[in-house]
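Beneath this line is the structure, given in structure tokens, with notes to follow.
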Amino acid sequence: MLKKILFQTHWLLGITAGVVLGIVGATGALLSFEGLIQAWINREVRTVETRATPALPLAQLAAEARRQMPDHRLVSLALSASPTDSVRATFSPNAPPVPGANAVRGGGGRGSPPTQTRYLDPYTRALVAAARTRGQEFFRGTRSLHRWLACAS
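Its first residue numbered 1129, the sequence shown is counted upward by one per residue in this note's numbering.
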């Protein structure tokens, strides 16, 4: 009888831990490819036509990004060596800091407001509309599930 109870307990705990670890592993693997997946599903907004004029300097691009989204704080700009790639701008809402929030990667820690990614044409300064960038909510939810399960285990 005791052997059967111990076996059932061991089986139940093992299956539960296996499911949790499987989900953490799958979401972690998915998150490790987030940049590549985002680049692929947003390829029409990440690619720009090259112009005869050179791309704008970083300072002008940053100023333009701030001007076009005044209610957000510019967290980062990511440039590419390819002249056909747009500039990735990451924004965080101008919100009061959450007490005890961990400020990781420009305010993206727990308790911080979620960041938003937009793409900027380095030649025309045009900021791509938010509706045209896909996948951000999916990866935000995936990251949340991954972190919640990783801390719970």
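From the three backbone atoms N, C-alpha and C, an ideal C-beta is built for every residue, glycine too.
By the neighbour-count definition (other C-beta atoms within 10 Å, threshold 16), Pro1250 is a buried residue. Following the DSSP letters along the chain, one finds Arg1216 inside the beta strand (DSSP E) bounded by residues 1215-1221. Nearest to Arg1275 by alpha-carbon distance, out of Phe1219, Gly1146, Ile1151, Ala1145, is Ile1151. In the displayed model, Ser1210 falls within coil according to three-state DSSP, outside both helix and strand. Thr1155 and Thr1270 do touch by the CB rule: their CB atoms are close to 5 Å apart, below 8 Å. Excluding the 5 residues flanking it on each side, Leu1255 has same chain C-beta neighbours closer than 6 Å at Gln1196, Arg1246, Leu1248, in chain order. Within the region 1169-1211, complete beta strand (DSSP E) segments of at least 3 residues are found at 1200-1206, given in chain order.
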